[in-house]
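First comes the structure, then the notes that go with it.
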Amino acid sequence: MKLSAFTDVCLRTVMVLATPGTGQLTSREIADSVGVPYNHVAKAVLELRTLGILQVTRGRNGGAALSGEALDFSLGGLLRKLDKRTDIVDCTDHDAQSNCPLSGNCRLRAVFRQAREAFYASLDPLTIRDICPTSAAEPITLLPFPTVRGIS
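Counting from 1 along the sequence shown, just add 78 to a position and that's the residue number in my numbering.
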């Protein structure tokens, strides 16, 4: 199972903000620290605020910080909320905008849906705290940002 680039940015944002001693950071500071374009981080911050993971303060001294209960949020639950895809496989032909001719008898989508839920269920017992650095001496190292496949 592959996470979307957006989910990846959200997780990186949370991990940076969860580093002990970090406090409040601007979207620009987060983007610089994780090596991701600013506009991607800004979208991630807005979504994470909507989900109650981040508290955002606007203005000159503003920025984002983890909410009080963020570290105890289930990782599986967070990934379910961030993953906007309805199916793992795409059963439409992007050129003709028609359904796959096998869609009437295909059980593949249901099997993949169950596999995705099993993946998330395996992450349910883990919390955000479990994936974050435990000290400021353990900085988040830059990972390459995934290439986003464009649809032509």
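Glycine included, each C-beta is placed from N, C-alpha and C at the ideal position.
Which first and last residues belong to the alpha helix (DSSP H) in which residue 144 is found?
Residue 144 -> not in any alpha helix (DSSP H); beta strand (DSSP E) instead, spanning 141-144.
7 Å Cβ shell around residue 119 - same chain, five flanking residues per side excluded:
87, 91, 105, 108, 109
Sequence-distant residues of its chain with Cβ nearer than 8 Å to residue 200 (five each side left out):
154
Residue range of the unbroken beta strand (DSSP E) whose run includes residue 102:
Here residue 102 belongs to no beta strand (DSSP E), and DSSP marks it neither H nor E.
Span separating the alpha-carbon of residue 197 from that of residue 130
23 Å
Contact check, residue 122 vs residue 133, beta carbons under 7 Å
no
Would residue 206 and residue 149 be called neighbours here (beta carbons separated by less than 7 Å)?
yes
Could you check whether residue 202 and residue 152 sit closer than 7 Å to each other, using their CB atoms as the reference points?
yes
Over the uninterrupted alpha helix (DSSP H) stretch that includes residue 128, give me the two end residues.
116-128
Taking DSSP's pairing of strands, which residues face residue 152 in a bridge?
205
Through-space distance from residue 115 to residue 126, alpha-carbon basis
17 Å
Could you have a look at residue 89 and say whether DSSP puts it in helix, strand or coil?
helix
With respect to the beta strand (DSSP E) encompassing residue 132, which residues constitute its N-terminal and C-terminal limits?
132-135
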